[in-house]
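Residue numbers (my numbering): 859 to 1244. In this text, a Cβ means the ideal position worked out from N, Cα and C, and glycines have one as well.
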């Protein structure tokens, strides 16, 4: 019997790759729900192609536009509650969450409570509310299989030993668009410069996060929550080739690494077929063409993001949510040419400095911290606008 899959964020980079995987593995999976923010024309095309009649968009205007593009037997709804209703339907087996930002939080929590498998690509869910997610998981509800290439790699490497045997988790980073730039040159970088990623093809927000290494800051927090390791067990290394997606060092000193072509479909497919593996028409690594694998320590003066992440982890509670929200606002301001690239870090640092972290014991607490951080970040931008 085919497993039934819902894809949240099917119009983004991860979402489109998910649809490619689902098309390739159509003998295993059936698409029963799709959701986008406002890319209604693409959603309509996907709905017809995959014969998916359960659709959700962000608001009433997008819903009206979508309904005009589809026959009446397609169900089109809008809003967060519609997302929650979609992911909690009894026949849904897998929910792929590829929503950028905090929009995936409520549907992910609902899907887990409904005992679904969540293939999680949205870093922000674990950063903003990892404690809440882990409380649901520890209660025996649902499961998360990470879709981030780094966390998928760690998940796979951990199959080589038990959790108490883990000494260190090593996250790899390409170095982003500014890997070979000086600090002085980076200070004058434009958002167009930041989008020139040397390896991966991703959405604009994630690509800019990669350029500032804020994506690695988010991944550090996500890894600490997903794999429940201590802060000192997390390390980042620059690996320009992006062929090793992460590594795990065990107590005996042995290191396990996961390698593949830099193609998100590997992690997406694994999250859906786990614990099995299957053919998926994905390009294999050719050892004769690799040449060499390079590893460099990250320049923490050039990239304050890593210290920001560890400061957020040390503070705990609501601080990671504040870090994430401030970064989202700052990145948008950078794209709007309101602040410079280095001001992204300064904005996040200042907002975190002003926040008094409290225990993350409810969804309301997480959302309140998120709102507070966004207001503080907007104030920073008003005061420092270029």
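Bounding residues of the beta strand (DSSP E) (the contiguous stretch that carries residue i)
i            : result
residue 1003 : 1001-1004
residue 1116 : 1113-1117
residue 1027 : 1024-1031
residue 863  : 861-866
Coil, strand or helix - residue i by DSSP
i            : result
residue 1092 : strand
residue 1131 : helix
residue 891  : strand
residue 1153 : coil
residue 1108 : strand
residue 1244 : coil
residue 1009 : helix
residue 1021 : helix
For residue j and residue i, the rounded distance between their alpha carbons
i            : j            : result
residue 875  : residue 1177 : 32 Å
residue 1228 : residue 1179 : 6 Å
residue 1054 : residue 1168 : 27 Å
residue 946  : residue 939  : 11 Å
residue 1225 : residue 903  : 34 Å
residue 1013 : residue 965  : 23 Å
residue 1126 : residue 1010 : 9 Å
residue 976  : residue 967  : 10 Å
residue 932  : residue 1026 : 49 Å
residue 1242 : residue 1065 : 24 Å
residue 1122 : residue 1006 : 8 Å
residue 1231 : residue 1205 : 10 Å
residue 1137 : residue 1124 : 10 Å
residue 859  : residue 886  : 8 Å
residue 872  : residue 1235 : 28 Å
residue 896  : residue 1149 : 43 Å
residue 1142 : residue 992  : 35 Å
residue 1020 : residue 1008 : 19 Å
residue 1140 : residue 1119 : 9 Å
residue 1201 : residue 907  : 44 Å
residue 1175 : residue 1002 : 21 Å
residue 1029 : residue 934  : 40 Å
residue 937  : residue 960  : 14 Å
residue 1135 : residue 1015 : 15 Å
residue 929  : residue 1221 : 38 Å
residue 1223 : residue 1147 : 50 Å
residue 1185 : residue 1208 : 11 Å
residue 1166 : residue 979  : 22 Å
Residue interval of the alpha helix (DSSP H) (run including residue i)
i            : result
residue 1084 : 1072-1085
residue 831  : This structure does not reach residue 831, given that the chain is present from 859 up to 1244, and the question cannot be answered.
residue 1136 : First-last for residue 1136: undefined, no H or E at that position.
residue 1209 : 1199-1212
residue 1146 : 1145-1148
residue 1051 : 1049-1052
residue 896  : Element bounds for residue 896: n/a, residue is neither H nor E.
residue 1190 : 1177-1193
residue 1037 : Residue 1037 -> no alpha helix (DSSP H), and no H or E assigned at all.
residue 1216 : First-last for residue 1216: undefined, no H or E at that position.
residue 877  : 871-882
Residue i beta carbon near the ligand PLP (any heavy atom closer than 7 Å)
i           : result
residue 927 : Of ligands this structure carries none, so the ligand PLP is not represented either.
message: Please give me, in chain order, every unbroken run of the beta strand (DSSP E) with length at least 3 that falls completely inside the segment 907-989.
response: 912-915, 933-936, 952-955 and 975-978
field: Touching by the beta-carbon criterion (3+ pairs, under 8 Å), the segment 1046-1054 and the segment 951-966
entry: no
- prompt: Per the contact definition of three or more C-beta pairs closer than 8 Å, is the segment 1190-1205 in contact with the segment 1096-1105?
  reply: no
- prompt: Are three or more beta carbon pairs between the segment 1119-1138 and the segment 874-889 nearer than 8 Å?
  reply: yes
Three or more C-beta pairs below 8 Å linking the segment 1149-1164 and the segment 1065-1082: yes
- request: For the segment 968-977 and the segment 997-1009, state whether three or more C-beta atom pairs, one from each stretch, are separated by less than 8 Å.
  value: yes
- prompt: Is the segment 1077-1096 touching the segment 1204-1215, taking contact as three or more C-beta pairs under 8 Å?
  reply: no
Cβ contact check for the segment 1086-1095 and the segment 1032-1043: 3 or more pairs under 8 Å: no
- prompt: Is there contact here, the segment 883-898 with the segment 861-870, by at least three beta-carbon pairs under 8 Å?
  reply: yes
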